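Below: the structure, in structure tokens.
Number of protein chains: 2
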Amino acid sequence: MISRDNRKTRLRDAISQKGMRYTRQREHIFNILLDKRDHPTADEVFLRARGSMPRMSLATVYNCLDTLVACGLVRQVHFERESTRYCPNLSEHAHFHCQKSGRVYDVELDTDLLDDIQGQLPDGFQMDGMEILIRGKVG
Amino acid sequence: MISRDNRKTRLRDAISQKGMRYTRQREHIFNILLDKRDHPTADEVFLRARGSMPRMSLATVYNCLDTLVACGLVRQVHFERESTRYCPNLSEHAHFHCQKSGRVYDVELDTDLLDDIQGQLPDGFQMDGMEILIRGKVG
DNA sequence: CTAGGTGCAAAAGGTTTGCGGTTAA
DNA sequence: TTAACCGCAAACCTTTTGCACCTAG
């Protein structure tokens, strides 16, 4: 677990690099994502956020999440017919969605494998990012 | 291009195997997906469908698409913050989303590579399906 | 004949927008 | 000080639902 101070520095750096402002709300939401890495939806983040910041609005949650994504601190993950989930794990990994429990697991993959995928793209296809979603069951 | 008759047989077999009914609407939507493999959204399918079946409703489009997915004839594809797209190409492949043109390309990948991913899952993780989404630019 | 499917309209669910008030820099 | 940001409510867009009618088997 990274210390609060390290998080703060990381957030402050990333945000100021984009010419944006450091706000309590953005810090709060960043901490929520780091405290419990369970890929919450915006609405779940909203519920948790209101625990200690009762006046925060859902629109602010969306805005802050967008900011964190724009700053490269958080990724969006999408599963079929479900709302967007957010993930603060920036290392290259796949997401495994258990269809029994609904839980989402990070799965580390060989970096070779990820390079392979990039290598198999046709000429002229420039890759900026990738998302590997696996559906299945755990247990 | 597969003939209309072959399509019809394929659809009829897949649907009856699930104990469901063959309807004009389902056939029409299946043909729309096969005629132009551009990963349309439900709304785009709706607009095309109304060209020759003006009374078809959007709810029916969603229902038919769900049926085709349930019968394993079509896959759902999701991109970040966009509506669901549908793809009738069932061979294992990745989807490349060009952020300049908005177009979606099918990219064939080595089957070894896909097996590798399955092999790298932790013990107890049973994979039912996978979706590889690549964001980038073409050209 | 009749369960399953369709069409329509209304509702739900997730996300975005507009705007007056607030705050970080 | 002031542009960026927040909170609130309303709007928006995609998808689902309820129900009366229709139709494939």
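These protein sequence lines are chains A and Z, in that order. Read in order, the letters of the first sequence are residues -14 to 124 in my numbering. Read in order, the letters of the second sequence are residues -14 to 124 in my numbering. Glycine included, C-beta positions come from ideal geometry on N, C-alpha and C. Remember, predicted model here, so these are calculated numbers, not experimental data.
The DSSP assignment places complete beta strand (DSSP E) segments of no fewer than 3 residues inside the region 50 to 123 of chain A at 60 to 62, 70 to 72, 78 to 83, 89 to 93 and 110 to 123, in order along the chain. At a cut-off of 8 angstroms between C-beta atoms, A:Glu116 counts as an interface residue with respect to chain Z. Looking at the DSSP output, A:Thr26 shares a beta bridge with A:Arg70. For A:Met112, the chain Z residues whose Cβ falls inside 7 angstroms of its Cβ are Ile119 and Gly121, in order along the chain.
Residues of the region 62 to 87 of chain A with a C-beta less than 8 angstroms from any C-beta of chain Z: His63, Phe64, Glu65, Arg66, Thr69, Ala79, Phe81 and Gln84, listed in chain order. Around the beta-carbon of Z:Pro25, 16 or more other beta-carbon atoms lie within 10 Å, marking it buried. Collapsing the DSSP output to three states places A:Arg6 in coil. When rounded, the separation of the alpha-carbon atoms in A:Arg60 and Z:Ser1 is 41 angstroms. Nearest to Z:Arg(-5) by alpha-carbon distance, out of Z:Arg40, Z:Gln10 and Z:Leu53, is Z:Leu53. For the options Z:Met115, Z:Glu116, Z:Asp95 and Z:Lys85, the alpha carbon positioned closest to that of Z:Val123 is the one of Z:Lys85. Taking C-alpha positions only, A:Lys21 is separated from Z:Asp(-10) by approximately 53 angstroms. Using a CB distance below 7 angstroms, the part of the region 45 to 62 of chain Z facing chain A consists of Gln61, ordered along the chain.
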